[in-house]
Each structure stands twice: as C-alpha cells, then as structure tokens.
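> Quick one: structure below, then a few questions.
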Amino acid sequence: MKVKVLGCSGAEMPGFNPTSLLINDTICIDAGSITNTLSGKKQWLIKDIFITHAHLDHIRGIPFLADNLIIKRPNKKVNVRSIYSVIKTIKDNLLNTSVWPDFTVIPHPNNGIIKLVQIKEGIPVELADISITAYKVHHSVPAVGYLIEDKMANRIFFTGDTGPTDSTWRKLDGIPLKTLIIEVSFPNKMKELALLTGHLTSELMKQEIDKINPKPERIYITHPKPQFINQIKQELSALKLKNLSMLKDGAILKL
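Once you know that position 77 of the sequence shown is 115 in this note's numbering, the rest is easy, because the numbers rise by one and skip nothing.
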C-alpha cells in the first residue's frame, strides 16, 4: 500500500495544505487538497473519495475535481463515499446548483461525474486490493475515521478530526495497526478550545494512545494548526514516544 500525503494541515496557509491522503493513486481520504496538488493526469486516476466529515477543508476539492474532469473526461465517474449525514450535507450545501453546479447530474442525470454513495459504520467497502471501513469518531459534526487494509493485512487507521473518544477504540480493540494517523490540532494550553470543537492536543492525544490495544507500530500526527506548529512539535517531542512523528505534505508512506 502506498499513501501519499497531499495535505495534512489544520488550516490553510502558504506551505500548509488541508487534509487529503492519496492511496495507491486511485483513492482519496478527504478532499482538502486534490486539484491544488495533483496534475490533471493524476486527477483522472481517482476513482473513489472517502470523506471523514463535511467541514469545508475536507470537501473543498470535490467541486474543483468535477469541474476539471468534465472538461477532459466527461464520461469519468468518481464515487464520493461517506455516512448519510455527510453525503446529505455535500448534496444540500455544496453540489446544490447555488454554491456549485450539481455534478451528480452533469453531464447527464443518470450519469453524473460525481456519484454520492452512502456507507455504513463498521461495514467494509471492498475496492480491488484495498478494504476501507468507517468508524465514528467524536467531532463537532458527524464524523468518521477510516480503517484501511490491504491484502497483506497492512492496516492504517486515520482518525480524521476527532476529540477524545472511547467508543472508537473499543470497536478497534484487538485489531493490530501498522500505522495510526491521529490528529493534534492545538497546543496543550488550548485544551478547552480543543475539547469544545472536537479536537486534540498533544496531551489529549497521548491519553487516546493509552486506550488503544494493541499499540500501533507507527504513529503519525496530522491536522496541526500552522500558527502553533513549532509549539506542537515541542510538546510532541516531550512525550518521548519513539514511534511518533509528524506527517508532512508530499510525504509517501509505503506499507
């Protein structure tokens, strides 16, 4: 399995791209940074996009990708997959003909560029040699993380945006993770804001790690606010977790 980090920032600033992971060149997890990081030919390879939640920094690439495809690949179809509430929000508030054309019915009502596909928590979606399963996390809006597994039983769990959660780790109990990608959005001094908005600090993240059984082999931190990046790095370093590092835009993880 190859995972390319198109974006892993908790806000957009020069040099910091919003969240998007590209798996084996054809699957995206979140759509914060697709069209601003991939060439046209690489955009054409995308078949499926799994959305963690409907906040703009995680869905903004969907309309721009559709716009690019309709010009060069009008017969292409991209499946946008998530839980019901996320799919409904995208349909009602993004691809709604007011904010952006409804590419679920363009170029033809029965053959739109974008196909919105509802998935259910805990039920795997099988895509060639990759299996992806949604698990609910704790955020300010309905949200899921994704367990991604290949045929060699290499497993990644991507939390997406989340605050402290017990139910997620209970459902994943006993599943060995090669890699955990978990968010840390704020420095420790902003714990109250993190909890209010459904996010984590370094200290809160460590408490989540303590809940996981068995422990992941590798831990990568995603979604830091760029305004606090140096402070977050220092606080993560103080935890002295040898298998922990921060994701970087453009990085490639091979499992």
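Glycine included, every Cβ here is placed at the ideal spot set by N, Cα and C. Since the model is a prediction, treat every value here as computed from it, not as a measurement.
Using the beta-carbon count (16 or more within 10 Å), is Lys280 buried or exposed?
Walking along the sequence shown from the start, residue 280 turns up at place 242. Looking at its Cβ environment, which holds fewer than 16 other Cβ atoms inside 10 Å, Lys280 is exposed.
> Smallest Cα separation from Asn253: which of His261, Thr142, Leu234 and Leu210?
Within the sequence shown, residue 253 is the residue found at index 215, counting from 1. Here residue 253 turns out to be Lys, not Asn, going by the sequence shown. Comparing Cα positions, the closest option is Leu210.
> Report the CB separation of Ala69 from Ser77 in whole angstroms; it is logged as a contact under 8 Å.
Residue 69 sits at position 31 when you count from the first residue of the sequence shown. Residue 77 sits at position 39 when you count from the first residue of the sequence shown. About 16 Å separates the two Cβ atoms, so there is no contact after all.
> Cβ atoms of Thr206 and Gly183: under 8 Å apart, would you say?
Here residue 183 refers to the residue found at position 145 of the sequence shown. Here residue 206 refers to the residue found at position 168 of the sequence shown. It is a contact, given that the beta carbons lie within the stated cut-off.
> Within 8 Å, do at least three Cβ pairs link the stretch 232–239 to the stretch 194–201?
Verdict: yes, contact present.
> On the three-state DSSP scale, how would you describe Ala166?
Looking up residue 166 in the sequence shown gives position 128. Of the three classes helix, strand and coil, the one that applies to Ala166 here is coil, per DSSP.
> Cα separation between Leu133 and Pro139?
Within the sequence shown, numbered from 1, the residue matching residue 133 stands at position 95. Within the sequence shown, numbered from 1, the residue matching residue 139 stands at position 101. One C-alpha to the other measures close to 6 Å.
> Kindly indicate which three-state DSSP category Val365 falls into: helix, strand or coil?
Nothing about residue 365 can be reported from this structure: the residues present for the chain run from 39 to 293 only.
> Taking Gly99 as part of the alpha helix (DSSP H), name the residues at either end of that continuous run.
Indexing the sequence shown from 1 puts residue 99 at position 61. Where Gly99 is concerned, the enclosing alpha helix (DSSP H) stretches over Gly99 to Lys110.
> Can you list, in chain order, the residues of its chain whose CB lies under 6 Å from that of Lys249, leaving out five sequence neighbours each side?
Mapped onto the sequence shown, residue 249 falls at position 211. These residues qualify, in order along the chain: Trp207.
> Report the three-state DSSP secondary structure of Ala181 (helix, strand or coil).
Position 143 of the sequence shown, counted from the first residue, corresponds to residue 181. Three-state DSSP puts Ala181 in coil, outside helix and strand.
> Where does Gly78 sit, in a helix, a strand or coil, going by DSSP?
Taking the first residue of the sequence shown as 1, we reach residue 78 at position 40. Of the three classes helix, strand and coil, the one that applies to Gly78 here is helix, per DSSP.
> Per the DSSP calculation, Lys296 is bridged to which residue(s)?
Because the chain in this structure spans residues 39 to 293, residue 296 falls outside the shown range and cannot be described.
> In this structure, how does DSSP classify Met284 when only helix, strand and coil are distinguished?
The sequence position of residue 284 within the sequence shown is 246, counting from 1. Strand at Met284.
> Give every residue of the same chain whose Cβ lies closer than 7 Å to the Cβ of Lys114, excluding the five residues on either side of it in the sequence, and list them in chain order.
Along the sequence shown, one-based indexing puts residue 114 at 76. Within the same chain, Lys114 has close Cβ partners Trp82, Leu107 and Ile151.
> Relative to the C-alpha of Gly160, which residue among Phe195, Leu231, Pro145 and Thr127 is closest?
Along the sequence shown, one-based indexing puts residue 160 at 122. When only C-alpha atoms are compared, the closest one is Phe195.
> The alpha helix (DSSP H) spanning Leu233 covers which residue range?
Residue mapping note: residue 233 aligns to position 195 of the sequence shown, counting from 1. From DSSP, the alpha helix (DSSP H) with Leu233 extends over Lys229 to Thr235.
> What's the gap between the Cα of Leu103 and the Cα of Lys158?
Locating residue 103 in the sequence shown gives position 65, where the first residue counts as 1. Locating residue 158 in the sequence shown gives position 120, where the first residue counts as 1. About 25 Å.
> Tell me the DSSP secondary structure of Ile267 in three-state form.
Position 229 of the sequence shown, counted from the start, is the residue given in the question as residue 267. Helix at Ile267.
> Locate the beta strand (DSSP E) running through Ser58, then write down its first and last residues.
Looking up residue 58 in the sequence shown gives position 20. Unbroken beta strand (DSSP E) run through Ser58: Ser58 to Ile61.
> Taking 8 Å as the cut-off, decide whether the C-beta atoms of Thr64 and Leu44 are in contact.
By 1-based counting over the sequence shown, the position of residue 64 is 26. By 1-based counting over the sequence shown, the position of residue 44 is 6. Taking 8 Å as the Cβ cut-off, Thr64 and Leu44 do not qualify as a contacting pair.
> Bridge partners of Glu187, per DSSP?
Residue mapping note: residue 187 aligns to position 149 of the sequence shown, counting from 1. DSSP, once it has assigned bridges, lists Ser169 and Arg193 as partnering Glu187.
> Which of the three DSSP states, helix, strand or coil, is assigned to Asn117?
As a first step, residue 117 must be located in the sequence shown, where it is residue number 79. Asn117: strand per DSSP, three-state reduction.
> Name the residue from Val118, Ile109 and Lys79 whose alpha carbon lies nearest to the alpha carbon of His91.
Position 53 of the sequence shown holds residue 91. The shortest C-alpha separation from His91 is found at Val118.
> Just mark Glu164 as buried or exposed, buried being the case when its beta carbon has 16 or more other beta carbons within 10 Å.
Along the sequence shown, read from residue 1 onward, the residue named residue 164 stands at position 126. Glu164 should be labelled exposed.
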